[in-house]
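Visitor:
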Amino acid sequence: MAKRLDIENLNLYYNKFHAVQDVTLQVHARSVTAFIGPSGCGKSTVLRSLNRMHEVVPGSRVEGKVLLDGENVYAPGVDPVQVRRTIGMVFQKANPFPTMSIKDNVVAGLKLAGEKDKKKLDEITERSLRGANLWEEVKDRLNKPGGGLSGGQQQRLCIARATAVQPDVLLMDEPCSALDPISTLAIEDLIAELKKDYTIVIVTHNMQQAARVSDQTAFFNLPAVGEPGQLVEIGETGKIFSNPSQKATEDYISGRFG
Amino acid sequence: MSESRNSERRPDPPGEVGDAPVNTTEAPVLEAPVTPPNTPTDKKVVRIGDRIFRSLATGSGVFVVTIIAAIGLFLLIRAIPALQANEANFLLSGKWETGDPDDLAFGIVDLAWITVASSIFALVLAMPVAGGIALFLTQYAPRVLARPFGYIVDLLAAVPSVIYGLWGALVLAPVIKPVAVWLNTNLGWIPVFGDGNVPADSGSNVFTAGIVLAVMILPIITGVAREVFARTPNAQIEGALALGATKWEVVRTTVWPFGRSGFVGGSMLGLGRALGETVALTVILSYTYEGPHYSIFDAGATFASRIALGSAEFNNNLTVGAYIAAGLVLFISTFAVNALARWIESSSGKGKE
Amino acid sequence: MRTDTADIERPAKTPAFQQLSPGRKAKNHIATTLFALAFVVAVIPLLWVLFTLVRRGLSPMLNADWWTHSFYGLLPNDFGGGIYHALVGTLEQTFVCALISVPLGVSVGIFLIEYGRNSRLARTTTFMVDILSGLPSIVAGLFIYALWITTFGLDRSGFAVSLSLVLLMLPVVVRVTETMLMIVPDELREASYALGVPKWKTIVKVVLPTSLSGILTGIILGLARVMGETAPLLILVGYSRAINFNLFDGPMASLPLTVYTARKTSTEAGEYRMWGAALTLVLLIMLINLIATLLSKLFAVKTK
Ligand SMILES: Nc1ncnc2c1ncn2[C@@H]1O[C@H](COP(=O)(O)OP(=O)(O)OP(=O)(O)O)[C@@H](O)[C@H]1O
Ligand SMILES: [Mg+2]
Numbered sequence: 001m002a003k004r005l006d007i008e009n010l011n012l013y014y015n016k017f018h019a020v021q022d023v024t025l026q027v028h029a030r031s032v033t034a035f036i037g038p039s040g041c042g043k044s045t046v047l048r049s050l051n052r053m054h055e056v057v058p059g060s061r062v063e064g065k066v067l068l069d070g071e072n073v074y075a076p077g078v079d080p081v082q083v084r085r086t087i088g089m090v091f092q093k094a095n096p097f098p099t100m101s102i103k104d105n106v107v108a109g110l111k112l113a114g115e116k117d118k119k120k121l122d123e124i125t126e127r128s129l130r131g132a133n134l135w136e137e138v139k140d141r142l143n144k145p146g147g148g149l150s151g152g153q154q155q156r157l158c159i160a161r162a163t164a165v166q167p168d169v170l171l172m173d174e175p176c177s178a179l180d181p182i183s184t185l186a187i188e189d190l191i192a193e194l195k196k197d198y199t200i201v202i203v204t205h206n207m208q209q210a211a212r213v214s215d216q217t218a219f220f221n222l223p224a225v226g227e228p229g230q231l232v233e234i235g236e237t238g239k240i241f242s243n244p245s246q247k248a249t250e251d252y253i254s255g256r257f258g
Numbered sequence: 259m260s261e262s263r264n265s266e267r268r269p270d271p272p273g274e275v276g277d278a279p280v281n282t283t284e285a286p287v288l289e290a291p292v293t294p295p296n297t298p299t300d301k302k303v304v305r306i307g308d309r310i311f312r313s314l315a316t317g318s319g320v321f322v323v324t325i326i327a328a329i330g331l332f333l334l335i336r337a338i339p340a341l342q343a344n345e346a347n348f349l350l351s352g353k354w355e356t357g358d359p360d361d362l363a364f365g366i367v368d369l370a371w372i373t374v375a376s377s378i379f380a381l382v383l384a385m386p387v388a389g390g391i392a393l394f395l396t397q398y399a400p401r402v403l404a405r406p407f408g409y410i411v412d413l414l415a416a417v418p419s420v421i422y423g424l425w426g427a428l429v430l431a432p433v434i435k436p437v438a439v440w441l442n443t444n445l446g447w448i449p450v451f452g453d454g455n456v457p458a459d460s461g462s463n464v465f466t467a468g469i470v471l472a473v474m475i476l477p478i479i480t481g482v483a484r485e486v487f488a489r490t491p492n493a494q495i496e497g498a499l500a501l502g503a504t505k506w507e508v509v510r511t512t513v514w515p516f517g518r519s520g521f522v523g524g525s526m527l528g529l530g531r532a533l534g535e536t537v538a539l540t541v542i543l544s545y546t547y548e549g550p551h552y553s554i555f556d557a558g559a560t561f562a563s564r565i566a567l568g569s570a571e572f573n574n575n576l577t578v579g580a581y582i583a584a585g586l587v588l589f590i591s592t593f594a595v596n597a598l599a600r601w602i603e604s605s606s607g608k609g610k611e
Numbered sequence: 612m613r614t615d616t617a618d619i620e621r622p623a624k625t626p627a628f629q630q631l632s633p634g635r636k637a638k639n640h641i642a643t644t645l646f647a648l649a650f651v652v653a654v655i656p657l658l659w660v661l662f663t664l665v666r667r668g669l670s671p672m673l674n675a676d677w678w679t680h681s682f683y684g685l686l687p688n689d690f691g692g693g694i695y696h697a698l699v700g701t702l703e704q705t706f707v708c709a710l711i712s713v714p715l716g717v718s719v720g721i722f723l724i725e726y727g728r729n730s731r732l733a734r735t736t737t738f739m740v741d742i743l744s745g746l747p748s749i750v751a752g753l754f755i756y757a758l759w760i761t762t763f764g765l766d767r768s769g770f771a772v773s774l775s776l777v778l779l780m781l782p783v784v785v786r787v788t789e790t791m792l793m794i795v796p797d798e799l800r801e802a803s804y805a806l807g808v809p810k811w812k813t814i815v816k817v818v819l820p821t822s823l824s825g826i827l828t829g830i831i832l833g834l835a836r837v838m839g840e841t842a843p844l845l846i847l848v849g850y851s852r853a854i855n856f857n858l859f860d861g862p863m864a865s866l867p868l869t870v871y872t873a874r875k876t877s878t879e880a881g882e883y884r885m886w887g888a889a890l891t892l893v894l895l896i897m898l899i900n901l902i903a904t905l906l907s908k909l910f911a912v913k914t915k
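Chains as they are written, first to last, in my numbering: chain A, 1 to 258; chain B, 259 to 611; chain C, 612 to 915.
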């Protein structure tokens with residue numbers, strides 16, 4: 001199920017503004033890849049370009065290739081809706097659909113795609129919620145609104161929602177930045193489990209988190225203000241944190257670690 | 259207005275979610291001197307559901323635009339022959355003789371006077387009251403009461419104008435008659451309080467009409483004013499309080515300067531409404547053949563009430579055309595006033611925030 | 612706890628705070644009183660109107676015939692009769708107005724927010740809607756007269772009234788739709804796209820349900836407002852004292868038109884009918900306002 005991603009010569013623009021320059025990297029199947037780097041260097045932009053969410057912003061533009069198991073998601077004739085089904089996304093701020101119950105939130109992707117089989121939907125609800133370590137907490141109130149959960153629970157609900165459509169890749173943009181340490185740990189544990197089935201890309205500002213959850217780490221940086229963000233280096237997480245090959249990486253990491 | 263609103267949020271592009279017109283080229287090469295080997299999509303996938311939905315939405319926009327433009331055109335087409343057949347000066351005459359299509363003589367001067375006099379009088383009465391209410395509700399009333407009190411003021415807008423007309427003509431007019439007579443006898447030397455073309459105690463004059471109109475536009479002005487006064491930055495208010503200002507001084511130095519132009523904009527909206535009000539005035543004002551004396555004790559007809567009264571003689575295109583011409587003048591003036599209101603409102607408040 | 616507590620507890624010889632000068636105090640009191648008075652001034656006409664309506668309109672309403680009969684065949688001095696014919700007209704005309712203006716207005720709102728954005732067409736549409744929003748109702752009536760009656764050569768009818776009400780209702784629907792769609796956060800749209808939901812389904816299943824309560828309330832309040840319109844009725848339809856269910860043919864009564872027409876019967880019975888119709892109209896409008904409030908509670912996005 002899980003697929004690999006190859007990003008080749010990716011350049012991303014917002015209107016005239018060149019946000020990210022020439023990114024080439026590989027994301028391995030069934031592993032966690034972390035994107036780190038200072039604010040504004042384009043981590044989210046790269047992440048959003050992987051499932052064609054970048055183009056939702058007016059005036060945005062993409063150059064280069066994103067290959068999902070060898071197939072370019074930007075090839076002519078590829079339906080972005082299909083791409084997003086295959087590559088799911090979890091956002092920084094939990095965003096459950098306010099009008100839907102917990103259960104409907106989980107199966108929203110399937111229901112909106114026309115799935116009607118009640119039994120199947122029930123099964124998937126339970127499986128996804130269990131997968132997101134949320135089942136025990138909400139199983140008695142599946143028909144209550146999703147907006148009534150705590151922030152951490154909402155974020156896990158969003159993860160369940162993203163996994164319910166059984167994507168091949170899961171993108172997470174700072175999924176824990178709004179959560180307390182305990183919820184954060186819960187989600188980190190979850191990521192460790194999810195990586196058995198999914199290819200995961202996670203953006204984080206938390207160095208320890210990157211070190212804890214990821215197999216490989218990519219460091220992005222801004223060479224100077226107003227210039228596009230760039231990929232500085234990518235490598236095995238242990239190596240990036242202990243022995244980076246670039247000075248900029250070391251500065252950033254050590255600065256953060258103090 | 260909605261332009262600026264649109265730009266405040268992040269708009270979606272025309273091309274997301276496979277929704278682009280089929281032949282959009284995204285011009286991916288604009289910046290890059292060399293075209294990368296595999297540039298994105300010359301053709302985008304368009305889902306059929308998206309295309310239908312998009313066409314429906316866009317089509318309704320087009321429909322509204324065309325229909326209104328068409329109506330405007332029909333109005334002009336109807337008005338022009340009547341204006342050509344007019345034997346009086348449309349802008350300067352006070353006559354309104356439209357019964358006989360072969361002998362049309364109509365002008366708008368008298369209509370304009372009654373319309374403007376009653377609306378301005380209403381505005382003069384309503385503005386201070388509305389401003390006071392808005393300040394009271396936003397700055398003084400306890401929080402739990404502010405909402406229900408605001409709701410009560412809004413209820414004024416829920417009463418239909420025909421009922422205000424009845425109330426004004428049958429209930430209010432007799433009660434305020436002594437005031438009218440007193441003003442006329444004691445302040446009659448001021449031209450607007452001089453004798454009108456009907457006796458001051460008749461009740462069916464601009465004086466009564468203006469008071470009723472004031473009640474009708476009160477909720478409009480109050481609504482806008484409440485909104486702008488409530489937007490006064492808290493930091494400014496607290497700054498003034500910290501200097502030891504009394505509530506009144508806070509209002510005078512922060513809330514009022516901040517909301518003043520929004521309040522004026524709201525008043526213009528109210529004026530627009532007053533200019534176009536029809537039935538209440540049709541019921542209140544008595545019709546007289548004598549021209550106005552330019553006093554608030556005049557009777558007569560406004561643009562709107564003239565049209566409403568004339569509906570009985572809508573039996574040939576030239577006569578109707580005369581009324582349509584008057585309607586166009588009314589339409590243009592309300593539009594101008596409303597545009598001014600929107601402009602004042604949008605160029606106030608926001609800039610200072 | 613601190614050493615200077617003794618200081619605080621010692622009776623103050625001079626007042627602890629500076630006194631406000633009497634002038635400032637007086638001004639403050641005067642301002643407060645005036646603002647509160649302004650509110651009272653607004654409440655007086657409201658209560659006065661409502662009191663008048665109830666006092667003079669209640670007795671006709673208490674008659675059972677009022678809700679089941681028309682004014683058909685009544686002589687100027689006859690008491691009795693009912694408002695059924697006018698209720699039928701008002702409800703039919705308003706319903707047809709809603710039937711046209713709601714779908715049209717909501718899709719215009721969707722176009723402006725979800726598709727059009729700053730396109731030229733969107734700006735033109737906004738301009739046209741702005742024109743409509745300040746349109747005096749009598750001019751809306753003239754618009755439809757010029758279109759429907761003089762240009763198409765059709766007869767005056769209840770349907771022509773509905774069309775003129777559409778012109779007045781449309782800007783309300785468009786505005787409320789626009790406002791409500793605008794406050795739906797973009798995160799929800801993105802969440803839906805990220806699940807692989809097409810845009811149109813995102814609008815129908817995620818964006819519209821989120822804003823439903825607000826849109827519905829706004830629309831119903833708009834309908835209540837439009838229901839009391841009288842001016843366009845005067846030029847677009849004849850008054851009938853009999854029951855007419857047919858919007859497309861013949862004169863048709865409605866509550867505002869009945870109030871207006873009954874005023875011309877200057878007998879005691881005529882006044883009796885007029886105030887009865889007036890109170891009925893206001894009660895209907897209040898009822899609909901109440902329904903709007905209830906619906907907005909019912910459909911509001913729940914978190915519990
Ligand atoms: N919607 C947008 N329109 C225009 N420019 C944008 C938009 N989103 C981001 N940018 C710009 O693109 C650059 C990269 O932004 P991005 O959000 O990808 O940074 P980031 O690395 O995710 O930062 P952070 O760590 O703060 O989330 C920034 O300069 C930002 O200002
Ligand atoms: Mg980011």
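Virtual Cβ for every residue (Gly too), placed ideally from N, Cα, C.
Report the partner residues of A:Glu71 according to the DSSP bridge assignment.
Guide: A:Leu68
Visitor: Who are the neighbours of C:Lys908 on chain B, taking C-beta pairs under 7 Å?
Guide: None at all; the shortest Cβ gap to chain B is about 15 Å.
Visitor: Please report the Cβ distance between B:Ala599 and B:Gly530, rounded to the nearest whole angstrom; I am assuming they are in contact, meaning their Cβ atoms lie under 8 Å.
Guide: Between B:Ala599 and B:Gly530, the beta carbon gap of about 6 Å places them in contact (Cβ cut-off 8 Å).
Visitor: Between C:Arg767 and the rest of its own chain, which residues show a CB-CB distance below 7 Å, the 5 nearest in sequence each way excluded?
Guide: In chain order, Ile760, Leu847, Val848, Gly849 place their CB closer than 7 Å to the CB of C:Arg767, counting only its own chain and leaving out the 5 sequence neighbours on each side.
Visitor: Just to confirm, are A:Gly146 and A:Gln155 a CB contact at a threshold of 8 Å?
Guide: no
Visitor: So for A:Ala19, helix, strand or coil by DSSP?
Guide: strand
Visitor: Is A:Asp122 helix, strand or coil when you go by DSSP?
Guide: helix
Visitor: What does DSSP give as the partner residue(s) for A:Thr217 in the beta ladder?
Guide: A:Thr217 is bridged to A:Ala34, A:Gly235.
Visitor: Give me the Cβ distance between B:Ala559 and B:Ile329, rounded to the nearest whole Å; I'm assuming they're in contact under 8 Å.
Guide: Contact between B:Ala559 and B:Ile329 is ruled out by a C-beta separation of about 24 Å, above the 8 Å threshold.
Visitor: Let me make sure I understand the geometry here. Which of C:Leu710, C:Thr736, C:Glu798, C:Ala697 has the alpha-carbon closest to that of C:Arg786?
Guide: C:Thr736
Visitor: Around ligand 1, which residues pass a check of Cβ closer than 5 Å to any of its heavy atoms?
Guide: Cβ-based neighbours of ligand 1 within the cut-off: A:Tyr14, A:Ala19, A:Ser39, A:Gly40, A:Cys41, A:Gly42, A:Lys43, A:Ser44, A:Thr45, A:Val57.
Visitor: Quick one: grab the DSSP three-state call for A:Arg4.
Guide: coil
Visitor: Would you check if the distance between the CB atom of C:Phe910 and the CB atom of C:Leu827 is smaller than 8 Å?
Guide: Between C:Phe910 and C:Leu827, the C-beta spacing is below 8 Å.
Visitor: With a threshold of 7 Å on Cβ separation, who are the neighbours of C:Asp689 within its own chain once the five nearest residues in sequence on each side are excluded?
Guide: Ala880
Visitor: Run through chain A and tell me which residues come within less than 9 Å of C:Thr821, C-beta to C-beta.
Guide: Phe97, Pro98, Thr99
Visitor: Find the residues of chain B that neighbour C:Thr762, judging by a C-beta separation of less than 7 Å, and give them in chain order.
Guide: Chain B residues near C:Thr762: Phe332.
Visitor: Within the same chain, show all residues whose beta-carbon is closer than 7 Å to that of A:Pro96, passing over the 5 residues directly before and after it, in chain order.
Guide: Asn105, Gly146, Gly147, Gln154, Leu157, Cys158
Visitor: Taking DSSP as the reference, what is the three-state secondary structure of C:Gly668?
Guide: In the three-state reduction of the DSSP assignment, C:Gly668 falls in the helix class.
Visitor: Taking Cβ to Cβ, would you say B:Gly579 is nearer than 8 Å to B:Ala340?
Guide: yes
Visitor: Spatial neighbours of C:Ala842 within its chain, please: CB distance less than 7 Å, with the 5 preceding and 5 following residues excluded, ordered by chain position.
Guide: Ser748, Ile749, Gly752
Visitor: Suppose only complete runs of 3+ residues qualify. What are the beta strand (DSSP E) ranges in the region 141 to 189 of chain A, listed by chain order?
Guide: 169 to 173
Visitor: For ligand 2, any of its heavy atoms closer than 7 Å to the Cβ of A:Asp173?
Guide: yes
Visitor: Which of the three DSSP states, helix, strand or coil, is assigned to A:Met89?
Guide: strand
Visitor: Is B:Gly389 buried or exposed, if buried means 16 or more other CB atoms sit within 10 Å of its CB?
Guide: buried
Visitor: Taking the runs of the alpha helix (DSSP H) that are 4 residues or longer, which of them lie wholly in the region 363 to 407 of chain B?
Guide: 367 to 393
Visitor: Looking at the C-beta of A:Gly258, does it have a partner C-beta in chain C at a distance below 8 Å?
Guide: For A:Gly258, the pLDDT reaches just 33, beneath the cut-off of 50, and the residue's location in the model is therefore unreliable, leaving the point undetermined.
Visitor: Could you list which residues in chain A have their beta carbon closer than 8 Å to that of C:Val912, in chain order?
Guide: Pro98, Thr99, Pro145, Gly147
Visitor: Where in the region 463 to 531 of chain B do unbroken runs of the alpha helix (DSSP H), each at least 4 residues long, occur, reported from the N-terminal end onward?
Guide: 464 to 488, 492 to 500, 505 to 508
Visitor: To which residues does DSSP link A:Asn11 through a beta bridge?
Guide: A:Glu63
Visitor: If you reduce the DSSP assignment to three classes, tell me which class B:Ile448 lands in.
Guide: coil
Visitor: Express the C-alpha separation of C:Ala889 and C:Leu686 in angstroms, rounding to a whole number.
Guide: 20 Å
Visitor: Could you tell me the boundaries of the alpha helix (DSSP H) in which C:Ile846 lies?
Guide: In the DSSP assignment, C:Ile846 falls within the alpha helix (DSSP H) that extends over 842 to 847.
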